[in-house]
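Taking it in order: structure first as structure tokens, then the write-up.
Protein chains in written order, with the numbering used here: chain A, 163 to 419; chain B, 12 to 390.
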């Protein structure tokens, strides 16, 4: 009987793999639904309760493992029966993985398996193109800039330079854009029409945030008055002729861009 | 202007059929195109509520909200309705011929809706602790190129501007796909139950009053939106409340109300925190917020109706060939950039700038940003 169950489960796992491959290959929902109808048994009514639960856990974890991107929750609901509480299932999987060097995380857009952050160095030592968990290796300057953009967005390079008290070079912005962490938003209505930068979905994914509201210490910074543009500051800028510099700089910006 | 005044004067004084016929004959060529709009009077004092009232009471709040909503309702139905008898009607003779045709909403309703949307978005951005204010939101919406990544505030603005699209018209189907589109504006997680949200909207029952229905739906929606980040869920709940209210009042499309005032200090309870849909006295806060929001919207409608009358009265004086689509655009949006007007009307860039300069010189539109360049024009 046990042998039968095992065989059945491997078969199911294979079917599962096929289904997830199909999902990956063609994004058309119609194809996956048809696949689900024909050869995929999500409900598993003939298995006993405990075994069915294990099987569902296996399927969900396998699907997340095999997927190149984060898996959305509604995709996961297709893998399990209607009677299944997906939240309980996911927390069981998390418990299972507690001792492993990787974990199940909820990022923008769905669920993903990630190596734990403390193994990042070990993975980078090999330098074989494996993607470590956590942010890509950013220089301190780059991580300062991406942090500032996250809090102050949409913001221009001029404004970032003012915050830093030194020139933020275009190379920093360029490398962050190459990492896909920031994107060029609307152009600001200033002379030269410089780009205002915003963070992307990938930024949230990489740093494990569900939304921008999860940025740490937002209230502290607000109380310190760092997130408002104060009127007095703007006037002071005008008085010290800072604005004139601003007017010149973005023009260069446009030539380069 | 003088002529118009004397006309209404005669109209008010004499009800004799002969005079009316004479007048009708004298302008028989334009009679078919006459636009009559309500002259919007200031609110009566009793509808503004007592300023110093400290105790918050459900019936007071609902009375005030109901009074102003009724007045607004009248405005929103005043568009093409020529037989609005009993009101002091003012002819906007020589008015644009195509405006308001086929709908009962007044000509300026687009501008009203989008300007309220801007206010709502700015209020929500403040709630979500974003740095963008009204000016920044306006710039992001109207000056951004097509390929620009949306800013966090821009996403909120997009949600509120959604009310003005065809999909949001009340006679359109408000189903799960519609909810999904709206949720995508806010980038809510993909797994929230849009079916349930749509069902919630449909079932808003008819025996409870519209304000309570709006409050109840927004509170219940919060449970469905459990997985979304909290502030996004709250904003979406406010959005749903406006949708429910408009549905119950049978308006052609919703106006953004609740979000514009819910965070106002006068609405909050004694503790001073912003009311949230999970609060026990949410119903009460909603009623107060709607009363205040409707008052603001009423004042704005009054202003916009005067401005749109001016715009329509100068419209025949415009010598640019394709001025009509531009006037149309101005009446239907919060503000318009010269480039967008040029594209919409098929004018050259320079011609559209000259047209706007002339409109400003005639006092028909305002430049809203106060900048010498990157200008945005609106009513």
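Backbone N, C-alpha and C fix where the C-beta goes; we use that ideal spot for every residue, glycine too.
Reduced DSSP secondary structure (H/G/I, E/B, other) of residue i
i: residue 378/B; result: strand
i: residue 420/A; result: The requested residue 420/A is not part of the displayed model; chain A covers only 163 to 419.
i: residue 271/B; result: helix
i: residue 47/B; result: Any reading at residue 47/B must be qualified, since the residue scores a pLDDT of 47, below 50, and its modelled position is unreliable; the value itself is stated next. Strand at residue 47/B.
i: residue 368/A; result: helix
i: residue 309/A; result: helix
i: residue 381/A; result: helix
i: residue 143/B; result: coil
i: residue 216/A; result: helix
i: residue 262/A; result: coil
i: residue 213/B; result: helix
i: residue 282/A; result: helix
i: residue 245/A; result: coil
i: residue 192/B; result: helix
i: residue 317/A; result: strand
i: residue 350/A; result: coil
i: residue 338/B; result: helix
i: residue 233/A; result: strand
i: residue 278/B; result: coil
i: residue 211/A; result: helix
i: residue 74/B; result: helix
i: residue 59/B; result: helix
i: residue 202/B; result: coil
Beta-bridge pairing of residue i - partner residues as DSSP gives them
i: residue 321/B; result: In the DSSP output, where bridge partners are listed per residue, residue 321/B has none listed.
i: residue 348/B; result: 387/B
i: residue 365/B; result: In DSSP, residue 365/B forms no bridge with anything.
i: residue 274/A; result: 267/A
i: residue 345/A; result: 360/A
Neighbour flag for residue i against chain A, beta carbons, 8 angstroms
i: residue 176/B; result: no
i: residue 201/B; result: yes
i: residue 288/B; result: no
i: residue 154/B; result: yes
i: residue 441/B; result: The first residue shown for chain B is 12 and the last is 390, placing residue 441/B beyond what the model contains.
i: residue 30/B; result: Residue placement at residue 30/B cannot be trusted, given a pLDDT of 47 that sits under 50; what the coordinates show is reported in the next sentence. No - not a single Cβ of chain A is within 8 angstroms of the one on residue 30/B.
i: residue 159/B; result: yes
i: residue 385/B; result: yes
i: residue 139/B; result: yes
i: residue 151/B; result: yes
i: residue 142/B; result: yes
i: residue 130/B; result: no
i: residue 284/B; result: no
i: residue 330/B; result: no
i: residue 42/B; result: Only weak support is given to the placement of residue 42/B: the predicted model assigns it a pLDDT of 38, under 50, and the question is left unresolved by the model.
Any C-beta of chain B under 8 angstroms from that of residue i
i: residue 362/A; result: yes
i: residue 274/A; result: no
i: residue 400/A; result: Confidence in residue 400/A is poor, its pLDDT being 43 and thus under 50, which makes the residue's placement too unreliable to answer from.
i: residue 380/A; result: yes
i: residue 321/A; result: no
i: residue 315/A; result: yes
i: residue 304/A; result: no
i: residue 384/A; result: yes
i: residue 395/A; result: Because the pLDDT of residue 395/A is 43, which lies under 50, any placement of that residue in the model is unreliable, and the question is left without a value.
Relative to chain B, which residues along the region 330-356 of chain A have a C-beta separation below 9 angstroms, given in chain order? Across the region 330-356 of chain A, CB contacts with chain B closer than 9 angstroms involve 344, 345, 346, 347, 348, 349, 350, 351, 352, 353 and 355, in sequence order along the chain.
Cβ contact check for the region 322-334 of chain B and the region 235-250 of chain B: 3 or more pairs under 8 angstroms: Short answer: they don't touch.
Taking a cut of 8 angstroms between CB atoms, which residues from the region 213-237 of chain A lie near chain B? Per Cβ criterion, the list reads 234, 235 and 236.
For the region 229-261 of chain B, which residues have a CB atom closer than 9 angstroms to at least one CB atom of chain A, in sequence order? Within the region 229-261 of chain B, the qualifying residues are 238, 239, 240, 241, 242 and 243.
Should the region 122-137 of chain B be called in touch with the region 343-362 of chain B, which here means at least 3 C-beta pairs below 8 angstroms? Yes: the two stretches touch, three or more of their Cβ pairs being nearer than 8 angstroms.
Would you check if there are 3 or more beta carbon pairs closer than 8 angstroms linking the region 283-296 of chain B to the region 146-162 of chain B? No: fewer than three Cβ pairs fall under 8 angstroms.
With 7 angstroms as the C-beta to C-beta threshold (strictly closer), list the residues of the region 200-211 of chain A near chain B in chain order. Residues of the region 200-211 of chain A whose Cβ lies closer than 7 angstroms to any Cβ of chain B: none.
At a cut of 8 angstroms, does the region 370-385 of chain A reach the region 164-177 of chain B through at least three beta carbon pairs? With the cut-off at 8 angstroms, the region 370-385 of chain A and the region 164-177 of chain B do not touch.
Selection of the region 363-375 of chain A by Cβ proximity to chain B, strictly under 9 angstroms: Residues 363, 372, 373, 374 and 375.
When you check each C-beta in the region 356-384 of chain B against every C-beta of chain A, which residues fall closer than 8 angstroms? The region 356-384 of chain B vs chain A, Cβ under 8 angstroms: 380, 382 and 384.
Mind the definition here: the region 76-83 of chain B touches the region 301-312 of chain B only if three or more C-beta pairs lie below 8 angstroms; say whether that holds. Contact holds: three or more Cβ-Cβ distances are below 8 angstroms.
Please determine if the region 320-330 of chain A and the region 133-142 of chain B are in contact, where contact requires at least 3 C-beta pairs separated by less than 8 angstroms. Cβ pair count under 8 angstroms is below three, so no.
Is there contact between the region 244-262 of chain A and the region 216-224 of chain A, where contact requires at least three CB pairs shorter than 8 angstroms? Counting Cβ pairs under 8 angstroms, three or more are found: they touch.
Should the region 202-211 of chain B be called in touch with the region 259-271 of chain B, which here means at least 3 C-beta pairs below 8 angstroms? A contact between stretches requires three or more CB pairs, one per stretch, nearer than 8 angstroms, and the region 202-211 of chain B fails this requirement with the region 259-271 of chain B.
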